[in-house]
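Q:
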DNA sequence: GTCTATATATTGATAGAC
DNA sequence: GTCTATCAATATATAGAC
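Protein chains in written order, with the numbering used here: chain H, 4 to 187; chain R, 4 to 187.
Quick look at the structure:
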């Protein structure tokens, strides 16, 4: 799906159907055989991201280590490598779309929320696996959302400053928070 | 400045100069007397946000309490009220622009980075004022960026889910982290 | 400085041949 | 299913009167 890459690189509004068709080595007319409107194409892209969560995001980092907490940091390391690889010009495709078209397109926003929720569920699996090490009053579902908060906020600043440092610092603080949270 | 409000509500690319002119009760032709291009208008808007940091963002929350740490949470409360007031459809105008046009327009990105840096500086003033209560190995400049990370990440999820909860949870976790960090 | 009018390009989308 | 051709609308931007 060529649109996925283009929306990721330039955003939804800045990508024309001409761009999409050219990248797919087709013509604009052909696009409309598959997608009724440009918004429909966006929804298809967001559905695609839902499908890609495990194969493209979680599976590799999760296999790198047995420790559930370290799995989380392996996921962050994957995003860190992505930022470095693009010179901190691109971050999280879902986060980008959340802020660009979130409120204007209800159907898209719901799929964005689903992407967020599924991402958090994967992280919560790790937190649950380490449940005995956490204080009993810690809500691990909320904590999984806080982990995403740190990821997205760190990515945003890395892109804003075009340097990986704010993202790396965010990882360090998350590490410090976990250290203070987890039983020794 | 009408463009500021429109970029905030609909984003940069989704706002036309016609929209801006109409909101300013003028005509598109008039806009070009003040701004050479649409990108120039964006830069002016971002400059405006730099000027507004203290009068429109920091001053009121900072005056609400003497405790420097509570000043920070007063700032978060201000953003929380903003989210609630708009039904979680709008968040941080700088964050929006950072992810929508950040990499495509270098001049804009630099002004976005300046907005981020100044925001963090204000927060760091609070952290420095509470310096003796922090562990000596805590880098308060980095911590100020982590505070922004949590703000922006929390706003993003609040908008994605169209509910204030993720933002409120982020505040709770920041509070918990500070509690664990600060000397009793 | 603000207006009207318009140039030029591009947009999302459609029609119909093959 | 993919193409060519094209529509109608809209975009940014300009020219020149007042």
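No residue lacks a Cβ here, since even glycine has one placed at the ideal position from N, Cα and C.
Note that the coordinates shown come from a computational prediction; the quantities given were computed from them, not determined experimentally.
Taking the beta carbon of residue 161 of chain H as the centre, do at least 16 other beta carbons fall within 10 Å, making it buried, or is it exposed?
A: It is buried - the Cβ of residue 161 of chain H has at least 16 other Cβ atoms within 10 Å.
Q: Can you find a C-beta in chain R that's less than 8 Å from the C-beta of residue 152 of chain H?
A: It does; some Cβ of chain R falls within 8 Å.
Q: With DSSP run on the structure shown, which of helix, strand or coil describes residue 114 of chain R?
A: In this structure, residue 114 of chain R counts as helix in the three-state DSSP scheme.
Q: Would you mind working out which of R/65, R/111, R/129, R/149 sits nearest residue 45 of chain R, comparing C-alpha positions?
A: Comparing Cα-Cα distances from residue 45 of chain R to each of R/65, R/111, R/129, R/149, the minimum goes to R/111.
Q: Given a cut-off of 8 Å on the beta-carbon distance, is the pair residue 49 of chain H and residue 115 of chain H in contact?
A: Yes, the Cβ-Cβ distance between residue 49 of chain H and residue 115 of chain H is below 8 Å.
Q: So, at 8 Å on beta carbons, what are the nonlocal neighbours of residue 172 of chain H in its own chain, with the 5 sequence-adjacent residues on each side left out?
A: Counting only Cβ-Cβ distances below 8 Å, and skipping sequence neighbours, we find 157.
Q: Around the C-beta of residue 57 of chain R, are 16 or more other C-beta atoms found within 10 angstroms, so that it is buried, or is it exposed?
A: Answer is exposed; the Cβ neighbour count stays below 16.
Q: For a cutoff of 8 Å on Cβ pairs, would you count residue 163 of chain H as touching chain R?
A: Closer than 8 Å to some Cβ of chain R, the Cβ of residue 163 of chain H qualifies, so yes.
Q: Between which residues of its own chain and residue 71 of chain H is the CB-CB distance below 6 Å, once the five residues before and five after are set aside?
A: 129, 132, 133, listed in sequence order.
Q: Taking just the CA atoms, how far does residue 13 of chain H sit from residue 93 of chain H?
A: If I take the Cα positions, the gap works out to 9 Å.
Q: Look at the alpha carbon of residue 127 of chain H and the alpha carbon of residue 150 of chain H, and state the distance between them as a whole number of angstroms.
A: Answer to the nearest angstrom: the Cα atoms are 9 Å apart.
Q: Whole angstroms are fine: how far does the CA of residue 185 of chain R sit from the CA of residue 76 of chain R?
A: Each residue's Cα considered, the two are about 15 Å apart.
Q: Determine whether the Cβ of residue 40 of chain H lies closer than 8 Å to any Cβ atom of chain R.
A: No - not a single Cβ of chain R is within 8 Å of the one on residue 40 of chain H.
Q: Could you tell me which chain R residues have their CB closer than 7 Å to the CB of residue 181 of chain H, listed as they occur along the chain?
A: Per Cβ cutoff of 7 Å: no residues; residue 181 of chain H is ~10 Å from chain R at best.
Q: Report yes or no: do the region 164 to 184 of chain R and the region 4 to 13 of chain R share at least 3 C-beta pairs separated by less than 8 Å?
A: Flag = no, the region 164 to 184 of chain R and the region 4 to 13 of chain R do not touch.
Q: Closer than 8 Å by beta-carbon distance: list the chain H residues that pair up with residue 13 of chain R, in chain order.
A: The contacting residues are 107.
Q: I want to verify the contact list: residues of chain H whose CB lies under 8 Å from the CB of residue 69 of chain R, in sequence order.
A: Near residue 69 of chain R there are no residues of chain H at all, since even the closest Cβ is about 26 Å away, more than 8 Å.
Q: What is the rounded straight-line gap between the Cα of residue 119 of chain R and the Cα of residue 159 of chain H?
A: About 10 Å.
Q: State buried or exposed for residue 37 of chain H, treating a residue as buried only when at least 16 other CB atoms are found within 10 Å of its CB.
A: Flag for residue 37 of chain H reads exposed.
Q: Is there a C-beta anywhere in chain H that falls below 8 Å from the one on residue 178 of chain R?
A: By this cut-off, residue 178 of chain R is not an interface position.
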